[in-house]
């Protein structure tokens, strides 16, 4: 008897702090989100030693009176929800009423606040969860919260804090995400007594992205804005060549809440699946809006993860929106395949981005399963800040020796005073390159087509080019159920596991133009195949599809169709080592120009490469 006891309030708050307050960045997150919920138009975040010694968040929001200020330090006291229905349709960033008491339980805490029409404000001091003083004070309207000596009374937690630079980098990551989410708020950040960042309020997401990530980077991004049923997708997408070796360039928001959501990230990555190689990741700022009752933001104590009521609808809407925007953006401008060799130079990111990147890169002990934060820094294979490049930087040149500079994309960030790219006169873009109009010189190793361009040579990977053509045709055929019946049906025998997989995928294969039906046991009969596959043995194609497609039967329909089409296109395309005559080459190039993404194969690898006359002259030391 008597072994079970009710824990004291202070201990309860410390336990709650263990869930909510993981590191200084978590404190900044909770305080900054409270400020934004309080209708702040200006937010100042000040730090000492990466937040380990002091965190101060000041806003010009609505403020509180003395009674509300004291209630705010009680667990589960909040102004943001009043009923179960409110909890099921949360519209604010914070709502549980745990943050302030949890933070105050593990720090030396001070709250100063005043309502806009009040004569005086209130100052409350708390130490380790115990209120030390409550007094009237003079202060400007709004709220200022200071958190000193975080985890001073929980040494076991304090020893797990990382270096000052690492904690600062995590806070900067959070602040930049909040800045992207709320361009209408003026955000200042101070560290060690120095103002490091100042993002003036703006009514434009495009302008805020330029402030945060740099206008040179922002001008490359492609806008997306679509709405399908209850899902609205907006933001800015990196073209395929703006890719990274990690996911730090992906910024996701749900109802203006910064999140790191696997469902959304999967939807975004699936849209880029045929545009960038495996193991590479796009750079994007993506906002998804759904009705509040269609998303649960209460899944994680820190609210950094969400759960959608109908995730397949969200995934489908995001994937279609991103694909459509990329298709229009790429076709309206000109993008070239990302080269795989060393890069001569990379545009300088803003100082705060480089600082953010370097702070995170120094941290090697990121929690298992988590993605360390950070924006666009030097891409893999690019020289980092301070390392010598092999050629002089031209500001935004991201191409290696042997490639012409990348022409500017049509973008939201065009400026009259934007620098003129090399090879462009008067700021005009270079006309898109028409491969079919170039003179055919021949084949190399019966695998690469060599073309003569006005200013050099273009080399095309014939297998990759035909693979892209077939993939696009299969995708189109999928919407029309186009198939070519075989003169004589063929029987296909499969091992038990592969036969089970094929049974699951029969509806999707039918949408691509395959007509396959069970034939008893683990056998199937093939009656028709997509017409674009020509005389390819259907049994080989279907076996390859079954062997190489992941066993994710619950994947969204369009994503699974894309995977099946990619595999079928690879198997049915012109092979390396196959001799082509000039007419076949010309037809191949014309068909390639009709595709949506003619710069990469469905696996994201480049399918053509340009060598300019200037490159040849440099190679042979001619001036």
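Residue numbers (my numbering): 2 to 624.
Built from N, CA and C at the ideal position, the CB exists for glycine as well.
A check of alpha carbon separations from residue 297 across 307, 244, 288, 290 identifies 307 as the nearest.
In this structure, DSSP gives residue 277 a state outside helix and strand, which the three-state scheme calls coil. In terms of Cβ geometry, residue 314 and residue 232 form a close pair [threshold 8 Å]. Take the alpha-carbon of residue 599 and the one of residue 61: they are about 51 Å apart. For residue 125, the closest C-alpha among the options 534, 65, 184, 592 is that of 65. The beta strand (DSSP E) runs lying completely inside the region 105 to 188 and spanning 3 residues or more are 109 to 115, 122 to 128, 131 to 138, 143 to 149, given in chain order.
The beta carbons of residue 241 and residue 601 sit closer together than 8 Å.
Under the three-state reduction of DSSP output, residue 67 falls in the helix class.
In the DSSP assignment, the residues bridged to residue 224 are 237. Per DSSP, residue 218 is one residue of the alpha helix (DSSP H) stretching across 216 to 219. The criterion of a C-beta distance shorter than 8 Å is not satisfied by residue 525 and residue 498. Boundaries of the alpha helix (DSSP H) around residue 508: 497 to 513. Rounded to whole angstroms, the separation of the alpha carbons of residue 200 and residue 46 is 12 Å.
Residues 499 of the same chain have their beta carbon placed closer than 8 Å to that of residue 548, with the five preceding and five following residues left out of the count.
Residue pairing by DSSP places residue 261 in no beta bridge whatsoever. Closest in alpha carbon position to residue 33, among 259, 610, 270, is 259.
Secondary structure note for residue 594: its alpha helix (DSSP H) is the uninterrupted segment 583 to 594. Taking residue 517 as the centre and dropping the five residues before and after it, the same chain places the C-beta of 493, 503, 507, 510, 511, 525, 526, 527, 528, 543 closer than 8 Å to its C-beta, in chain order.
If you look at residue 30, you'll find it in the alpha helix (DSSP H) that goes 25 to 38. Contact annotation: residue 121 and residue 139 have beta-carbon atoms nearer than 8 Å. Counted as a single uninterrupted DSSP element, the stretch harbouring residue 291 is not any beta strand (DSSP E), since DSSP gives it neither H nor E.
Per DSSP, residue 446 lies in no beta strand (DSSP E) segment and is marked neither H nor E. Checking the DSSP bridge columns, you'll see residue 5 has no partner listed. In the three-state DSSP reduction, residue 271 falls in the helix class (H, G or I). Put simply, the backbone Cα of residue 280 is about 20 Å away from that of residue 468. By the neighbour-count criterion, in which 16 or more other beta carbons inside 10 Å mark a residue as buried, residue 288 falls on the buried side. Each of 519, 595, 531, 187 was checked against the Cα of residue 436, and the nearest Cα belongs to 595.
Of the residues assessed, residue 622 falls on the exposed side of the cut-off, its CB having fewer than 16 other CB atoms within 10 angstroms.
With a beta-carbon spacing of about 5 Å, residue 475 and residue 513 fall inside the 8 Å limit used to define contacts. Rounded to the nearest whole angstrom, the C-alpha separation of residue 210 and residue 181 is 6 Å. Collapsing the DSSP output to three states places residue 211 in a helix. At a Cβ-Cβ threshold of 8 Å, residue 184 and residue 205 count as neighbours. In the three-state reduction of the DSSP assignment, residue 532 falls in the helix class. Annotation for residue 616: the continuous alpha helix (DSSP H) segment containing it runs 614 to 620. Rounded to whole angstroms, the Cβ separation of residue 611 and residue 466 is 14 Å, and the two are not in contact under 8 Å. The C-alpha of residue 44 is placed about 7 Å away from the C-alpha of residue 186.
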